[in-house]
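Chemist:
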Amino acid sequence: MKPKLMYIENKNPGHNGEAWICFIEFSKSGQTIYFDNKALKKLKTSGINSNHYDIETGQEYWISGVKKDGNDRHKFGRGIIKIDKNAIAEYLKIINQIDLPKNKFEIVELDNFPNKERITEIENEKLETAFDYDTKYKNPSDLTVSEIEALILYYEDSDPSEMFKKGRKYYFETIENLQTELEKRLLKTV
Numbered sequence: 001m002k003p004k005l006m007y008i009e010n011k012n013p014g015h016n017g018e019a020w021i022c023f024i025e026f027s028k029s030g031q032t033i034y035f036d037n038k039a040l041k042k043l044k045t046s047g048i049n050s051n052h053y054d055i056e057t058g059q060e061y062w063i064s065g066v067k068k069d070g071n072d073r074h075k076f077g078r079g080i081i082k083i084d085k086n087a088i089a090e091y092l093k094i095i096n097q098i099d100l101p102k103n104k105f106e107i108v109e110l111d112n113f114p115n116k117e118r119i120t121e122i123e124n125e126k127l128e129t130a131f132d133y134d135t136k137y138k139n140p141s142d143l144t145v146s147e148i149e150a151l152i153l154y155y156e157d158s159d160p161s162e163m164f165k166k167g168r169k170y171y172f173e174t175i176e177n178l179q180t181e182l183e184k185r186l187l188k189t190v
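Following my numbering, the numbering of the sequence shown begins with 1 at its first residue and continues without gaps.
1. Using alpha carbons as the reference points, say which of 160, 83, 71 and 169 lies closest to residue 111.
2. Could I get the ranges of all uninterrupted beta strand (DSSP E) runs contained in the segment 15-44, with 3 residues as the minimum, in chain order?
3. Assign residue 167 to one of three DSSP states: helix, strand, or coil.
4. Cα-Cα, which of 78, 79 and 172 is closest to residue 157?
5. With respect to the alpha helix (DSSP H) encompassing residue 116, which residues constitute its N-terminal and C-terminal limits?
6. Quick check: the segment 100-118 against the segment 48-55, are at least 3 beta-carbon pairs closer than 8 Å?
7. Measure from the alpha carbon of residue 59 to the alpha carbon of each residue in 96, 17 and 91, then state which is nearest.
8. Among 93, 80, 54 and 77, which one has its Cα closest to the Cα of residue 69?
9. Which residue comes first and which comes last in the alpha helix (DSSP H) that contains residue 80?
10. Measure from the alpha carbon of residue 8 to the alpha carbon of each residue in 29, 38, 169 and 174, then state which is nearest.
11. Compute the Euclidean distance between the alpha carbons of residue 174 and residue 97, then round it to the nearest angstrom.
12. Could you spell out the range, first to last residue, of the alpha helix (DSSP H) harbouring residue 148?
13. Would you mind sorting residue 33 into buried or exposed? The rule is 16 or more other CB atoms within 10 Å of its CB.
14. Starting from residue 60, trace the beta strand (DSSP E) in both directions and tell me its first and last residue.
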C-alpha cells in the first residue's frame, strides 16, 4: 500500500495526548501501520478511545484520516499537533488553506523509514508475560483466571486521576466487575 496522510493521537493520557499528522506506511496485511519508527497494530475490537496499540509499549492510539475542516483533535482535546514537514503541502491542499495556523501546529521531521526487521522480531517473540490488550474489550465471563488477574494488574497500574469523569467511572466499574468475576471463579474451585 502506498503511504497515506493520517492523524495519529496517543490516547493514554486521554484526549490531550501527543498528536501527529504525517504520512504512514501500512504492512502487507494492512493491520499494522508504521510511522516515526513505531509500529501500531490494529486492535481486534476498537475501543471508545483507541483503535491501535504500539507493539513495543502497549500504549493506545487513535488513527484516522485528516479532516477537511482541520479539526482533527477531539472536541475536548487540547495541545499542539506535530506535523511532519513532508506532509504540510498535502495537508494544506486537503484543508484548502495557504498556511498552517501557527498556534495549532509544530513542524517536525519524523523518521519515516521504519526498521521493519526489528518490528518483525518484536511481533514474532513469544512472551509468556505479554499482556493481550484485546482482553480489555472482552466480557469478564469469557476470560480465563490468568487473563482476569493480568487485566486487574493492568488497570491497577493505570492512573485514574488523569482520566475524565466518564473514563474514571468506567475504570472503577471494570475493576469491580473483574474482581467479582475472579472471586466467583475462585469460590467454584474451593
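Even for Gly, the Cβ is constructed at its ideal location relative to N, Cα and C.
Modeler: The relevant details are as follows:
1. 83
2. 19-26, 32-35 and 38-42
3. helix
4. 172
5. That run of the alpha helix (DSSP H) goes 116-124.
6. no
7. Checked all of 96, 17 and 91; the closest Cα to residue 59 is 17.
8. 93
9. Looking at the DSSP string, residue 80 is not in any alpha helix (DSSP H), and its letter there is neither H nor E.
10. 38
11. 44 Å
12. DSSP places residue 148 in the uninterrupted alpha helix (DSSP H) bounded by 145-157.
13. buried
14. That run of the beta strand (DSSP E) goes 60-65.
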